[in-house]
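Since the structure comes first, as structure tokens, the remarks are kept for the end.
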Amino acid sequence: MRKLAVVIALVLLLAVASFANYQDVDPDHWAYESVMNVTNAGLFEGYPDGTFKGNQAMTRYEYAMVVNRFLRYVDSADSRLEELIYAHVGTGVPANIAEFEGKLNAQAQEILALKRRVTDLEVTTKLLGQSIAKQATSVAALEKEIVDLAFSATVAFDQIDANIARLDMIEDRIEDVKADFESTKGNYDELISTTALDVYRLSRGKADKTTVDALAARLATLETELDDITFTIFDFMDANTDLTFSRIRDLEDQIAMLESSINGVRADLDDNMDIIFDFMDANTDLTFSRIHELEESIAAIEGEFEELDAKIESNTDFLYRKISIVDEDNKKAIDSLNASVGSLDDGLRTVRRDLTDLSVTVKMLGQASSVHNTRIADNRADLNVLRLDMEELADLTYDLSDEVTGLSKLTYMMLDVFTEELEELDAKKADKED
Numbered sequence: 046m047r048k049l050a051v052v053i054a055l056v057l058l059l060a061v062a063s064f065a066n067y068q069d070v071d072p073d074h075w076a077y078e079s080v081m082n083v084t085n086a087g088l089f090e091g092y093p094d095g096t097f098k099g100n101q102a103m104t105r106y107e108y109a110m111v112v113n114r115f116l117r118y119v120d121s122a123d124s125r126l127e128e129l130i131y132a133h134v135g136t137g138v139p140a141n142i143a144e145f146e147g148k149l150n151a152q153a154q155e156i157l158a159l160k161r162r163v164t165d166l167e168v169t170t171k172l173l174g175q176s177i178a179k180q181a182t183s184v185a186a187l188e189k190e191i192v193d194l195a196f197s198a199t200v201a202f203d204q205i206d207a208n209i210a211r212l213d214m215i216e217d218r219i220e221d222v223k224a225d226f227e228s229t230k231g232n233y234d235e236l237i238s239t240t241a242l243d244v245y246r247l248s249r250g251k252a253d254k255t256t257v258d259a260l261a262a263r264l265a266t267l268e269t270e271l272d273d274i275t276f277t278i279f280d281f282m283d284a285n286t287d288l289t290f291s292r293i294r295d296l297e298d299q300i301a302m303l304e305s306s307i308n309g310v311r312a313d314l315d316d317n318m319d320i321i322f323d324f325m326d327a328n329t330d331l332t333f334s335r336i337h338e339l340e341e342s343i344a345a346i347e348g349e350f351e352e353l354d355a356k357i358e359s360n361t362d363f364l365y366r367k368i369s370i371v372d373e374d375n376k377k378a379i380d381s382l383n384a385s386v387g388s389l390d391d392g393l394r395t396v397r398r399d400l401t402d403l404s405v406t407v408k409m410l411g412q413a414s415s416v417h418n419t420r421i422a423d424n425r426a427d428l429n430v431l432r433l434d435m436e437e438l439a440d441l442t443y444d445l446s447d448e449v450t451g452l453s454k455l456t457y458m459m460l461d462v463f464t465e466e467l468e469e470l471d472a473k474k475a476d477k478e479d
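Going by this note's numbering, the first residue of the sequence shown is number 46, and it counts up by one from there.
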């Protein structure tokens, strides 16, 4: 009976009342209230003569007519539920969703712009790195050239030192030759003196001609040897002096060339280093400027996200409070419904007031808001959270369709109950006729 009462209550909530009285139904009859309820709900109609004929068996045509009316009531319930849901959900949540989507789209555009700027900065940084690497390669090549020149200079200086040592040896040899020359000259002078003395003595002592000739020949030989030694010394000195000066000039020219090359390399290195440092300074300033702009943009986005989070939290708190109120009202409505099941009129008023206004509309709105807020809380970092909430809201609409399907099942259950009661009435009628 309790199931039957709930089914009747749901049907009467969706029906349009059309009050009627039957001549053959006594108000004191045990089924009077049920007859009037189904009649006022539009499920049954009396005969043209104003009678109900409750003891008459239901034909298949009449049964088909009742079932058809139930199906119409189900369709009407679907339409009314959709209207109620749209009235409470369609005007509020979609507006908020559209607002959030607009903000998210704006944020997405800003993020795309930031990504493009970051990409440009990465390209600039990459080009800067390539340029620095190229300059570093040039610097390395210059450094290698400097090392090679330094090595060449070291070799040249070693050659200079070797030539200087050789000059020292030549000078020592010249000094030795000079000493030999001086010794030979001394011997020559001594010989001249001796010869002169001998000549004098000969002239004085009238020595023999053979001795004089021998001395004269010896003197001529000594003079020849002295001339040869003198020429040899001067030739050696001239040859070695010219060779030494030539080598010194060559070394000086090589040193001058090395110094010129080193100075040129240093100048190129200084120019390249100035270009590198100027380029690095310019790009560093540009990089820091872009980084500062990116930081400001990110800070602005974070501020907007914080504002959006604050609004979401505010809406969440409001919805939670509303849901708590709705839950409290639902509990009261359920308690009232359970307490008034025994009285059909009280049950109808309770169902009409609580079930229609709260159990269906507010409960579904609360479920949609709860799911929506849960999605926002769990996926706050996801930019597509509101689209997912819309899909969840669509799922809730399908859930409503499932509940309407359940209502249809209850309707069929009611038909089964009515059929059973009619069969019982037919059986009682047959018993009375027997």
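Even for Gly, the Cβ is constructed at its ideal location relative to N, Cα and C.
None of these values were measured; they are calculated from a predicted model.
Q. So V80 is in the alpha helix (DSSP H); what residue range does that whole segment cover?
A. Taking the first residue of the sequence shown as 1, we reach residue 80 at position 35. Per DSSP, V80 belongs to the alpha helix (DSSP H) from Y77 to N85.
Q: To the nearest angstrom, report how far apart A344 and L172 are at their CA atoms.
A: Taking the first residue of the sequence shown as 1, we reach residue 344 at position 299. Taking the first residue of the sequence shown as 1, we reach residue 172 at position 127. Distance between the alpha carbons of A344 and L172 is about 28 Å.
Q. Is L116 buried or exposed, if buried means 16 or more other CB atoms sit within 10 Å of its CB?
A. In the sequence shown, the residue the question calls residue 116 occupies position 71. Here L116 is exposed, its C-beta having fewer than 16 other C-beta atoms within 10 Å.
Q: Determine contact between the segment 102-121 and the segment 453-464, defined as no fewer than three beta-carbon pairs at a distance below 8 Å.
A: Judged by Cβ distances under 8 Å, the segment 102-121 makes contact with the segment 453-464, as three or more pairs qualify.
Q.
Suppose contacts are defined by Cβ-Cβ distances below 7 Å. Is F89 in contact with Y67 by that definition?
A. Looking up residue 89 in the sequence shown gives position 44. Looking up residue 67 in the sequence shown gives position 22. Taking 7 Å as the Cβ cut-off, F89 and Y67 do not qualify as a contacting pair.
**Q.** Cβ-based burial, F463 [other Cβ within 10 Å; buried from 16]
**A.** Mapped onto the sequence shown, residue 463 falls at position 418. Counting Cβ neighbours within 10 Å, F463 comes out buried, since at least 16 surround it.
Q. Straight-line CA distance for V70 to D123?
A. The sequence position of residue 70 within the sequence shown is 25, counting from 1. The sequence position of residue 123 within the sequence shown is 78, counting from 1. Roughly 34 Å separates the two Cα atoms.
Q. Helix, strand or coil: which one does DSSP assign to N308?
A. Counting from one through the sequence shown, the residue named residue 308 turns up at place 263. Helix, per DSSP.
Q: Rank G87, G91, T269 and N100 by C-alpha distance to the C-alpha of D471 and give the top, closest one.
A: The sequence position of residue 471 within the sequence shown is 426, counting from 1. Nearest of G87, G91, T269 and N100 to D471, Cα basis: N100.
**Q.** the ligand MN heavy atom lying under 6 Å from the CB of T464
**A.** This structure simply doesn't include the ligand MN, nor any ligand for that matter.
Q | Helix, strand or coil at E107 according to DSSP, with G and I counted as helix | A | Position 62 of the sequence shown, counted from the first residue, corresponds to residue 107. Reduced to three states, the DSSP call for E107 is helix.
Q. Alpha carbon to alpha carbon, how far is S291 from F196?
A. Position 246 of the sequence shown, counted from the first residue, corresponds to residue 291. Position 151 of the sequence shown, counted from the first residue, corresponds to residue 196. Each residue's alpha carbon lies about 23 Å from the other.
Q: Since I believe M81 is in contact with L467 (beta carbons under 8 Å), could you give me their beta-carbon distance rounded to a whole number of angstroms?
A: Taking the first residue of the sequence shown as position 1, residue 467 is located at position 422. Taking the first residue of the sequence shown as position 1, residue 81 is located at position 36. Rounded, the Cβ-Cβ distance is 17 Å, inconsistent with contact.
Q. Near K474, what residues of its chain come up, given a Cβ to Cβ distance below 7 Å and the 5 sequence neighbours on each side ignored?
A. Locating residue 474 in the sequence shown gives position 429, where the first residue counts as 1. N100, listed in sequence order.
Q: Have a look at V119 and G451 and give me their C-alpha separation to the nearest angstrom.
A: Taking the first residue of the sequence shown as 1, we reach residue 119 at position 74. Taking the first residue of the sequence shown as 1, we reach residue 451 at position 406. Their Cα atoms are separated by approximately 10 Å.
(Q) Using the three-state DSSP reduction, which class does D447 fall into: helix, strand or coil? (A) Counting from 1 along the sequence shown, the entry for residue 447 is found at position 402. Correct three-state label for D447: helix.
Q) Helix or strand or just coil, what does DSSP make of G91? A) Residue 91 sits at position 46 when you count from the first residue of the sequence shown. Secondary structure of G91 (DSSP, three-state): coil.
**Q.** Rounded separation between S176 and A185 - CA only
**A.** Translated into positions along the sequence shown, residue 176 becomes position 131. Translated into positions along the sequence shown, residue 185 becomes position 140. When rounded, the distance between both Cα atoms is 14 Å.
Q. Thinking just about the alpha-carbon of each residue, which of R263, D315, L441 and E352 is nearest to the one in E188?
A. Residue mapping note: residue 188 aligns to position 143 of the sequence shown, counting from 1. Minimum Cα distance to E188 is reached at D315.
**Q.** Alpha-carbon spacing of I191 relative to A181, whole angstroms
**A.** Residue numbering aside, residue 191 sits at position 146 when the sequence shown is read from its first letter. Residue numbering aside, residue 181 sits at position 136 when the sequence shown is read from its first letter. Whole-angstrom Cα-Cα distance: 15 Å.
Q: Could you check how far apart the C-beta atoms of L159 and S306 are, in whole angstroms? I think they sit under 8 Å.
A: Reading the sequence shown from its first residue, position 114 is the one you call residue 159. Reading the sequence shown from its first residue, position 261 is the one you call residue 306. Contact doesn't hold; Cβ gap of about 52 Å is too wide.
Q. From W75 to Y106, what does the alpha carbon distance come to, in whole angstroms?
A. Stepping through the sequence shown from its first residue, residue 75 is reached at position 30. Stepping through the sequence shown from its first residue, residue 106 is reached at position 61. Going by the C-alpha atoms only, they are around 26 Å apart.
Q: Pull up the distance between the alpha-carbon of A224 and that of E216, whole angstroms please.
A: The residue given as residue 224 occupies position 179 in the sequence shown. The residue given as residue 216 occupies position 171 in the sequence shown. Going by the C-alpha atoms only, they are around 12 Å apart.
**Q.** For N150 and E144, the rounded distance between their alpha carbons
**A.** On the sequence shown, residue 144 is found 99 positions in, with the first residue counted as 1. On the sequence shown, residue 150 is found 105 positions in, with the first residue counted as 1. Those two C-alpha atoms are separated by around 10 Å.
Q: Select from Y92, E78 and E351 the residue whose C-alpha is nearest the C-alpha of A86.
A: Stepping through the sequence shown from its first residue, residue 86 is reached at position 41. Minimum Cα distance to A86 is reached at E78.
Q) Any idea what DSSP makes of F97, helix, strand or coil? A) Walking along the sequence shown from the start, residue 97 turns up at place 52. F97: coil per DSSP, three-state reduction.
Q: Classify A195 as helix, strand or coil using the three-state DSSP reduction.
A: Reading the sequence shown from its first residue, position 150 is the one you call residue 195. Helix, per DSSP.
Q. Measuring CA to CA, which of E436, E352 and D476 is closest to Q152?
A. Here the question's residue 152 lines up with position 107 in the sequence shown. Looking at the Cα atoms, E352 is the closest of the given residues.
(Q) Tell me the rounded alpha-carbon separation between I209 and E227. (A) Taking the sequence shown and counting its residues from 1, the one referred to as residue 209 is at position 164. Taking the sequence shown and counting its residues from 1, the one referred to as residue 227 is at position 182. Each residue's alpha carbon lies about 26 Å from the other.
(Q) For T199 and T164, I'd like the C-alpha separation in whole angstroms. (A) The sequence position of residue 199 within the sequence shown is 154, counting from 1. The sequence position of residue 164 within the sequence shown is 119, counting from 1. Each residue's Cα considered, the two are about 51 Å apart.
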